[in-house]
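In this note's numbering, the protein residues as written are 78 to 914.
Have a look at the structure below, then the notes.
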């Protein structure tokens, strides 16, 4: 930073602003650009993908700088916010044309990931939550839609689950809570943390966390932001099915294991036509219902539209025209609100009010609806068809809307004819045929005379204004008077139009409650009709739900996979009574995981009020869903795959009830054979004897199928069918009664592309192990297994000497694994695979 006495007045002005906002990137308005300087520029340039340059290079000033055009600032700001940065907008607050000296600039808006500049640049299907917490509450606010709510929470685990599920972009904490946050921070959360302490006058009925969010919003964007926020709503999560973010990941509800959203359940079933409807559907999936009366009410609405397919198609066309009504409402109260935002709101309102004829639950003639209809007509008549981008000079309010404005518009238009009249009169008086009356922003109105006619100029009336190479410019008293009238009319017009815009904003804000209600009703209608359209499109059926009953799904399908496979998906009948466990065996790739997932997904869809992918379904009301499907190493946290598996299983055993749905896939595979089998059996019997949950348990431990003799009423042996012909297998993806006859692991390995010698040798070893399965041995059985493998490997190699194989094995034995990089190891494996082929 240069010394103060060496800085230009402009940079002094910049540093007076930056010193107040050292933690933010300051966007400093200079003409048609917002500029960033020094460290701000160095941070922003790579994030925005723009060139980093220097200010006044010729004068030796090497101040780093970069800039973006003011008219395209919204997208650039959101890039900075997505990167977790805060932004302070320092705008020009006086007209540069009338400013004396340096143009006055002030911070007009402060932005953060949770307090965005333009909501329409955000992902439309996801909310943009701010979050805060206190001793026993967790509050959320979406400034783009006005949504505000809070939960009562009992511990850090519950806080972490809410944050992981709702994924706020920014969490607001007091300085005292910093250590607490490190305890509750979810592993998958990637938002930012901001610290803020000062609060507004406390509202007695609101928790401290909600007050902190309100205060933070006001500190960022001023009191006007409060006009677009809904009252905080207390939500009872205990009246919803308990589904953790881990279960959402296992079932791939919102994104796949690879992070892809397009292949998720949400993407597969989302048929909404509005952004608000999509956000509502996502919220329903996050918090499924457990109250049967609420579920039936939703099902009734879906069924109604299934039965009115012609109206459904017409309604969906209208819904599409509604757009993002929620966020368009929210934009009106923001400082950078543009007349075009009012036109967008007007269009959305028109389509939303048109929906009244389709939906009897929406009020049609009450006072609020009539007020909205009147407001829409007002907005519709207020603006010209093509609103100029730079609206502050006027020209965006239509004629006929305001009498006083019409007079000013007439003066401006009439002045053009006066100019033409004056020009004609001066040509006649001076006998100068080329005389012209013109206007520019620097000199205003002037008369231009070419030098060839300079001697004809009446010097008593014409006052020289400017000398050009081939002409002279003059003014007259009459022309000055005309200019004064025109400029005054233009200025007054611009001022009056801005006053009208401000009044329109107040009118919209005064109708905010009714607008919000209309938007919420449209969102809900969108979800009902989307689920109906989905049911018709994919042949879903209405499920029957009972407080405590059996799981009976005829023709059960996976809603995502069936759309990928089209007509090739194999449906299955799945039945189990309460307090029963379905033990599922069969090889990998046979469809065990898919079948268990689709049971959980069907249950979840049923409890949001949706129809389900089946011919017929009778389901119990589930209080919680637990899943243990696959595992990922958390090496950075020192957790192995097996530790993760056991941690997730422990949560099930500690929290599941007899009304819970539990999905367990291959428990106990991360340790030695007998350890794993012992754990799997103990866990399975605990579910059967103690928890009595609805349990689907997939395993490769075929020994567990013998438990059917011990629990003939509680344990159901089922397997995924395989057909075999001359050693070749084909997956049929059909659920059959009884246990799988064999594992087929070697055949699956062959299908996966293992080299022929490896598959052949594995088959020989398998026959040897099966022959010795019942042999009595002393000492450790697990140790004997590996000893036997070593002995048999030696016997096979000695009986069938193979020089090439021996050389290959010698290379493996001599390999110094510790010195290999991962890439070296992969290359070596590829080389061996090629040699074996």
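From the three backbone atoms N, C-alpha and C, an ideal C-beta is built for every residue, glycine too.
Bear in mind the structure is a predicted one, so any value in this text is a computation, not a measurement.
Would you mind giving the Cβ-Cβ distance between residue 207 and residue 247, rounded to the nearest angstrom? I have them listed as a contact below 8 Å.
Taking the chain shown and counting its residues from 1, the one referred to as residue 207 is at position 130. Taking the chain shown and counting its residues from 1, the one referred to as residue 247 is at position 170. Sure, about 5 Å apart at Cβ, within 8 Å.
Report the rounded CA-to-CA distance for residue 837 versus residue 799, giving the unit in angstroms.
Within the chain shown, residue 837 is the residue found at index 760, counting from 1. Within the chain shown, residue 799 is the residue found at index 722, counting from 1. Answer to the nearest angstrom: the Cα atoms are 21 Å apart.
For residue 570, the residue or residues it bridges with in DSSP
Sequence index remark: in the chain shown, residue 570 carries index 493 (1-based). Bridge partners of residue 570: none, in fact.
Select from 471, 556, 789, 521 the residue whose C-alpha is nearest the C-alpha of residue 577.
Locating residue 577 in the chain shown gives position 500, where the first residue counts as 1. The candidate whose alpha carbon is nearest that of residue 577 is 471.
Is the beta carbon of residue 621 less than 8 Å from the beta carbon of residue 382?
Working through the chain shown from its first residue, we reach residue 621 at position 544. Working through the chain shown from its first residue, we reach residue 382 at position 305. Going by C-beta atoms, residue 621 is not nearer than 8 Å to residue 382.
For residue 684: DSSP bridge partner residues:
Taking the first residue of the chain shown as 1, we reach residue 684 at position 607. Residue 684 pairs with nothing; no bridge assigned.
By DSSP, does residue 777 sit in helix, in strand, or in coil?
Indexing the chain shown from 1 puts residue 777 at position 700. DSSP places residue 777 in coil when its eight states are reduced to three.
For residue 352 versus residue 237, is the C-beta distance shorter than 8 Å?
Within the chain shown, residue 352 is the residue found at index 275, counting from 1. Within the chain shown, residue 237 is the residue found at index 160, counting from 1. No.
Is residue 691 closer than 8 Å to residue 633 when the C-beta atoms are compared?
Counting from 1 along the chain shown, the entry for residue 633 is found at position 556. Counting from 1 along the chain shown, the entry for residue 691 is found at position 614. Yes, the pair counts as a contact, with Cβ atoms nearer than the cut-off.
Once DSSP output is grouped into helix, strand and coil, what is the label at residue 852?
Here residue 852 corresponds to residue number 775 of the chain shown, with the count starting at 1. Annotation note: pLDDT 49 at residue 852 (below 50); position unreliable, coordinate value reported separately. If DSSP states are grouped into helix, strand and coil, residue 852 belongs with coil.
For residue 593 and residue 367, what's the separation of their Cα atoms in angstroms?
The residue labelled residue 593 in the question sits at position 516 within the chain shown. The residue labelled residue 367 in the question sits at position 290 within the chain shown. If I take the Cα positions, the gap works out to 27 Å.
Per-residue burial, residue 866 [other beta carbons within 10 Å of its own, 16 or more giving buried]:
The residue labelled residue 866 in the question sits at position 789 within the chain shown. With a pLDDT of 42 at residue 866, under the threshold of 50, the modelled position of this residue cannot be trusted, and the question is left open.
Would you tell me roughly how many angstroms separate the C-alpha atoms of residue 891 and residue 727, rounded to the nearest one?
In the chain shown, the residue the question calls residue 891 occupies position 814. In the chain shown, the residue the question calls residue 727 occupies position 650. Distance between the alpha carbons of residue 891 and residue 727 is about 42 Å.
Whole angstroms is fine: what's the gap from residue 204's alpha carbon to residue 127's?
As a working note, residue 204 is residue 127 in the chain shown. As a working note, residue 127 is residue 50 in the chain shown. Going by the C-alpha atoms only, they are around 29 Å apart.
Can you give me the C-alpha to C-alpha distance between residue 467 and residue 685, rounded to a whole angstrom?
The residue you call residue 467 lines up with position 390 of the chain shown. The residue you call residue 685 lines up with position 608 of the chain shown. For residue 467 and residue 685, the distance between alpha carbons rounds to 47 Å.
Going by the CB atoms, is the gap between residue 461 and residue 425 shorter than 8 Å?
In the chain shown, the residue the question calls residue 425 occupies position 348. In the chain shown, the residue the question calls residue 461 occupies position 384. No, the pair does not count as a contact, with Cβ atoms beyond the cut-off.
Taking the runs of the alpha helix (DSSP H) that are 4 residues or longer, which of them lie wholly in the stretch 304 to 370?
322 to 327, 342 to 346, 352 to 363
Taking all protein chains shown into account, decide if residue 904 is buried (16 or more other Cβ within 10 angstroms of its Cβ) or exposed.
In the chain shown, the residue the question calls residue 904 occupies position 827. Per the 10 Å Cβ criterion, exposed.
Taking the DSSP output, what are the residues bridged to residue 796?
Against the chain shown, residue 796 aligns to sequence position 719. DSSP output for residue 796 lists 662, 813 as bridge partner(s).
On the premise that residue 757 lies in contact with residue 778, defined as a C-beta separation below 8 Å, what is that separation, rounded to the nearest angstrom?
By 1-based counting over the chain shown, the position of residue 778 is 701. By 1-based counting over the chain shown, the position of residue 757 is 680. Right, the Cβ-Cβ distance comes to about 5 Å (below 8 Å), so this counts as a contact.
Quick one: what's residue 513 bridged to in DSSP?
Position 436 of the chain shown, counted from the first residue, corresponds to residue 513. BP columns for residue 513 point to 525.
As assigned by DSSP and simplified to three states, the class of residue 258
Position 181 of the chain shown, counted from the start, is the residue given in the question as residue 258. It is helical.
Could you give the DSSP three-state label for residue 428: helix, strand or coil?
By 1-based counting over the chain shown, the position of residue 428 is 351. Helix.
Compute the beta-carbon to beta-carbon distance between residue 796 and residue 671, rounded to the nearest angstrom, for a pair I have assumed lies under 8 Å.
As a working mapping, residue 796 is identified with position 719 in the chain shown. As a working mapping, residue 671 is identified with position 594 in the chain shown. Actually they are not in contact, since the Cβ atoms of residue 796 and residue 671 sit about 14 Å apart, beyond 8 Å.
Less than 8 Å separating the beta-carbons of residue 435 and residue 377?
In the chain shown, counting from the first residue as 1, residue 435 sits at position 358. In the chain shown, counting from the first residue as 1, residue 377 sits at position 300. Result no, Cβ atoms of residue 435 and residue 377 do not sit closer than 8 Å.
Output needed for residue 170: all residues of its chain with C-beta closer than 8 Å, excluding positions within five of it in sequence on either side, in chain order.
Within the chain shown, residue 170 is the residue found at index 93, counting from 1. Closer than 8 Å at the Cβ level, and outside the excluded window around residue 170, lie 181, 182, 183, 185.
Residue 901 by DSSP, collapsed to three states: which one?
As a working mapping, residue 901 is identified with position 824 in the chain shown. Helix at residue 901.
For residue 949, which three-state DSSP category applies?
For the chain, the structure presents residues 78 to 914; residue 949 sits outside this window and is missing.
Range covered by the beta strand (DSSP E) that runs through residue 754
Position 677 of the chain shown holds residue 754. Note, residue 754: premise wrong, no beta strand (DSSP E); alpha helix (DSSP H) at 750 to 763.
Within the continuous beta strand (DSSP E) that includes residue 182, where are the two ends?
Against the chain shown, residue 182 aligns to sequence position 105. Segment 182 to 188, the beta strand (DSSP E) holding residue 182.
Secondary structure of residue 649, DSSP reduced to three states:
Numbered from its first residue, the chain shown carries residue 649 at position 572. Of the three classes helix, strand and coil, the one that applies to residue 649 here is strand, per DSSP.
Across which residues does DSSP place residue 210 in a beta bridge pair?
To locate residue 210, count along the chain shown from 1; it is residue 133. According to DSSP, which records beta bridges pairwise, residue 210 is partnered with 215.
DSSP beta-bridge partners of residue 168
Stepping through the chain shown from its first residue, residue 168 is reached at position 91. Answer is 183.
Is the shortest distance between the beta-carbon of residue 327 and the beta-carbons of chain E less than 8 Å?
Of the protein chains in this structure there is only one, and it is not chain E.
Going by C-alpha distance, which of 660, 750, 602 is nearest residue 356?
In the chain shown, the residue the question calls residue 356 occupies position 279. Nearest C-alpha to residue 356: 602.
Sequence-distant residues of the same chain with beta carbon closer than 6 Å to residue 225, five excluded per side
Residue numbering aside, residue 225 sits at position 148 when the chain shown is read from its first letter. For residue 225, where only same-chain residues beyond five positions count, the Cβ hits under 6 Å are 218, 306, 307, 309.
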